[in-house]
Structure formats: structure tokens, C-alpha cells
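A.B. asks: After the C-alpha cells below, expect a handful of questions from me.
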Ligand SMILES: Nc1ncnc2c1ncn2[C@@H]1O[C@H](COP(=O)(O)OP(=O)(O)OP(=O)(O)O)[C@@H](O)[C@H]1O
Ligand SMILES: [Mg+2]
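In our numbering, the protein residues as written are 10 to 323.
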């Protein structure tokens with residue numbers, strides 16, 4: 010079993026009472042004598058995610074002993090408080106219980122390599138990034154709608170539980186075999202004081218997020234809010250149904266400078282009744298954006314049939 014405390018990764022005090030940081034060693038073949046690393050699944054700005062076999066599950070004859078292990082990548086692990094960031098991701102995600110949010114198993118430390126890591130369900134499937142690349146004209150409406158609803162439901166649950174994602178983008182959403190999963194709450198935060206006691210980390214210091222999905226106010230250094238998640242979700246949804254980013258992959262600030270908000274067109278495959286809510290969600294001014302339940306309501310209405318549209322035509 011793992012050590013019950015984080016002493017393995019807490020820097021020891023030196024003679025002046027100051028903490029001396031000991032950088033972690035490389036990820037070993039077996040973590041905490043329990044998780045055998047099999048292969049690297051992906052590396053992001055902060056973490057490295059591996060497929061691993063849980064030797065304990067295997068010992069009990071579990072036919073599905075595989076898990077995903079997320080540790081900090083080598084560059085990030087050098088930050089003395091990086092493990093607090095990983096713990097924050099664990100604590101925030103563990104507060105969520107939803108079919109479309111990744112399920113975490115535990116937060117652990119390995120005493121020998123002085124690394125903290127998270128274990129979670131192993132997901133298999135394309136990310137939304139892969140789907141966007143495979144569908145340059147955008148997804149057909151029915152397929153798009155299913156994804157949009159699942160993503161918005163995951164976010165609605167998260168916001169209702171007081172958790173902001175903070176880094177929503179196509180590579181942080183996967184279409185697993187049994188449905189969509191939102192993951193990577195590494196830049197997440199709690200809403201207001203809903204979860205006191207969790208470490209509050211400065212986004213500005215980390216600079217590990219993706220600017221083209223960042224709301225204007227975040228670029229201006231304002232704190233993360235539900236409205237920023239709405240902007241990011243709207244960019245992802247626009248990209249999914251049109252095949253391209255709403256503002257040509259520019260940041261919100263660059264898009265304003267280029268006047269791109271004035272020429273934004275509705276994606277051709279999007280039913281007309283969804284556009285007003287999606288357009289407002291892409292507003293640079295955060296007070297104009299609707300909340301997630303409003304977006305969800307717009308996308309849950311079925312598209313009017315062709316006959317209906319013809320009859321309503323003036
Ligand atoms: N539970 C999982 N099962 C399978 N693969 C996963 C899982 N979690 C993450 N991955 C893979 O690892 C990659 C990196 O994971 P994650 O997004 O959590 O790391 P990150 O460093 O926080 O990324 P970012 O660059 O977004 O900050 C993902 O894009 C995905 O391909
Ligand atoms: Mg990621």
C-alpha cells in the first residue's frame with residue numbers, strides 16, 4: 010500500500026527551517042509496488058498519462074486490471090508545488106460523479122521516486138481533436154447533437170457541484186467506448202468559497218493553458234468563472250459542427266483586433282434555432298454569455314423537420 014501521507018514528495022526542512030526541494034526521480038516500471046506501467050498514452054502541458062496494470066486487481070483475478078496513471082511530466086514535476094496542482098485536480102474531479110466525467114480511483118505517492126500520481130479509469134477512443142480532424146466539414150447534426158448534449162451535461166453537473174474546468178478544449182474530451190468523457194481538471198478551480206481548503210493555484214504562473222479557447226477576461230488576468238467555461242465550450246462546439254475554430258484559431262484579443270466577431274457566420278450544419286444561444290456563448294463580453302443550462306436547452310430541441318420549415322417559410 011502507499012504511504013498514508015505525502016511525506017514522500019514533501020521537501021525536507023533544511024537547517025534554516027527553509028524547504029529544500031528534491032526533484033523527483035524518473036517514473037519507475039512499477040509504482041508503489043502496485044501499478045505496472047505498460048505504455049505512455051499521452052503527454053500534455055502538465056501531465057504524462059500511462060496505461061498501467063493494477064497488480065492487486067490482477068492478483069484477485071480481475072479480468073480488467075488496467076488503469077490510467079497520470080503523473081506530472083518531467084518538466085512540470087520540477088516545480089516544488091506541482092504535486093499540489095495534481096492533488097487539486099484529483100480533489101476537484103473526485104467531487105464529480107457523472108457518466109460523462111472521467112472517474113478517478115485514487116491519489117498516490119511513490120516513496121522511492123518521490124512522485125505523486127492519480128489513478129483513473131482507462132479510456133479508449135478518439136478525442137474531439139481527432140474527430141474534428143476526421144470531419145473537416147463538421148459533424149452531421151445528429152452526431153454533433155449527441156456530443157454537444159453530453160459535454161454540456163458534464164459541464165452543468167460540474168458547475169452545479171461548484172467545480173470549474175478552466176481548460177476546456179477538444180483534446181480534453183474523449184469519445185470513450187461507452188460515451189463521452191470530460192477529463193483534465195488540472196487547471197480547474199472551485200466556484201467562490203464552495204470548496205475551502207483546496208490549494209488555490211495561480212493560472213498566470215502556470216501558463217499551461219491553450220489561449221485560443223480562453224475567454225477574453227482570462228487573457229486580461231481576471232479570475233476563472235463559469236462564463237469562461239461557457240466561452241471555451243462554445244468554441245469547441247462551433248469547431249465540431251463547422252470543422253473550424255470560430256475565430257480562425259486566434260485568441261479572443263487577436264479576434265477583436267481583426268474584427269472577426271463582426272463577421273462570425275453560423276455553421277451551415279447547425280439548425281437555426283441553436284445559433285442565437287451559441288452566438289451569445291461566443292461573446293467576448295462575459296456578461297452576455299448564457300449559462301450552461303440555457304445552452305443545453307437550446308441544443309435539446311429537435312431540429313424542425315424539412316416539411317415544418319417549408320410550411321413556415323413566408
Ligand atoms: N483516463 C485516460 N485514459 C486514456 N488516455 C488518457 C486518459 N487521461 C488522459 N489521457 C491521454 O493523455 C493525454 C494527456 O492527458 P491530460 O490532458 O490529462 O494531460 P495534461 O498534461 O493536463 O494536458 P494539457 O496539455 O491539456 O494540459 C490526453 O490528451 C489523452 O490522450
Ligand atoms: Mg489535457
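Virtual Cβ for every residue (Gly too), placed ideally from N, Cα, C. None of the values given here were measured: they were computed from a predicted structure.
1. Just the residues with CB closer than 5 Å to a heavy atom of ligand 2, in chain order, which are they?
2. DSSP three-state label for residue 108, please.
3. List the whole-angstrom C-beta distance separating residue 179 from residue 248, where the pair is believed to meet the contact cut-off of C-beta under 8 Å.
4. In chain order, which beta strand (DSSP E) runs of at least 3 residues are fully inside the segment 56-140?
5. Tell me, to the nearest whole angstrom, how far the beta carbon of residue 261 is from that of residue 224; I am working on the premise that it is less than 8 Å.
6. For residue 47, name the three-state secondary structure that DSSP assigns.
7. For residue 104, which residues from the same chain have a beta carbon less than 8 Å from its beta carbon, with the 5 sequence-adjacent residues on both sides left out?
8. Helix, strand or coil: which one does DSSP assign to residue 158?
9. Compute the minimum distance between the beta carbon of residue 172 and the heavy atoms of ligand 1, and state whether it is under 7 Å.
10. Taking the C-alpha atoms as reference points, what is the distance between residue 220 and residue 197?
11. Would you check if there are 3 or more beta carbon pairs closer than 8 Å linking the segment 140-151 to the segment 92-104?
12. With which residues is residue 183 paired in a DSSP beta bridge?
13. Would you mind sorting residue 118 into buried or exposed? The rule is 16 or more other CB atoms within 10 Å of its CB.
14. CB-CB under 7 Å to residue 26, same chain, minus the five flanking residues each way: which ones, in chain order?
15. Between residue 49 and residue 98, what straight-line distance do the alpha-carbon atoms span, to the nearest angstrom?
16. Kindly indicate which residue of 308, 62, 41 and 177 has the alpha-carbon position closest to the one of residue 238.
C.D. replies: According to the data block:
1. 53, 181 and 193
2. Here the question's residue 108 lines up with position 99 in the chain shown. Correct three-state label for residue 108: coil.
3. Position 170 of the chain shown, counted from the first residue, corresponds to residue 179. Position 239 of the chain shown, counted from the first residue, corresponds to residue 248. Right, their Cβ atoms sit about 7 Å apart.
4. 56-63, 75-81, 113-119 and 124-129
5. Counted from its first residue, the chain shown places residue 261 at position 252. Counted from its first residue, the chain shown places residue 224 at position 215. So it is a contact: roughly 6 Å between Cβ atoms.
6. Stepping through the chain shown from its first residue, residue 47 is reached at position 38. In the structure shown, residue 47 sits in a strand (DSSP, three-state: E or B).
7. In the chain shown, residue 104 corresponds to position 95, counting from 1. Cβ within range, chain order: 170, 171, 172 and 204.
8. Here the question's residue 158 lines up with position 149 in the chain shown. In this structure, residue 158 counts as helix in the three-state DSSP scheme.
9. One-based indexing of the chain shown puts residue 172 at position 163. Not under cutoff, so the answer is no.
10. Indexing the chain shown from 1 puts residue 220 at position 211. Indexing the chain shown from 1 puts residue 197 at position 188. So the two alpha carbons sit approximately 15 Å from each other.
11. no
12. Against the chain shown, residue 183 aligns to sequence position 174. In DSSP, residue 183 forms a bridge with 136 and 190.
13. By one-based count along the chain shown, residue 118 stands at place 109. Result: buried.
14. As a first step, residue 26 is located in the chain shown; it is residue number 17 there, counting from the start. The predicted position of residue 26 is uncertain, since its pLDDT is 43 and thus under 50; no value can be drawn from it.
15. As a first step, residue 49 is located in the chain shown; it is residue number 40 there, counting from the start. As a first step, residue 98 is located in the chain shown; it is residue number 89 there, counting from the start. Rounded to whole angstroms, residue 49 to residue 98 spans 20 Å at the Cα level.
16. Here residue 238 refers to the residue found at position 229 when the chain shown is read from its first residue. Taking only the C-alpha atoms, the option nearest residue 238 is 177.
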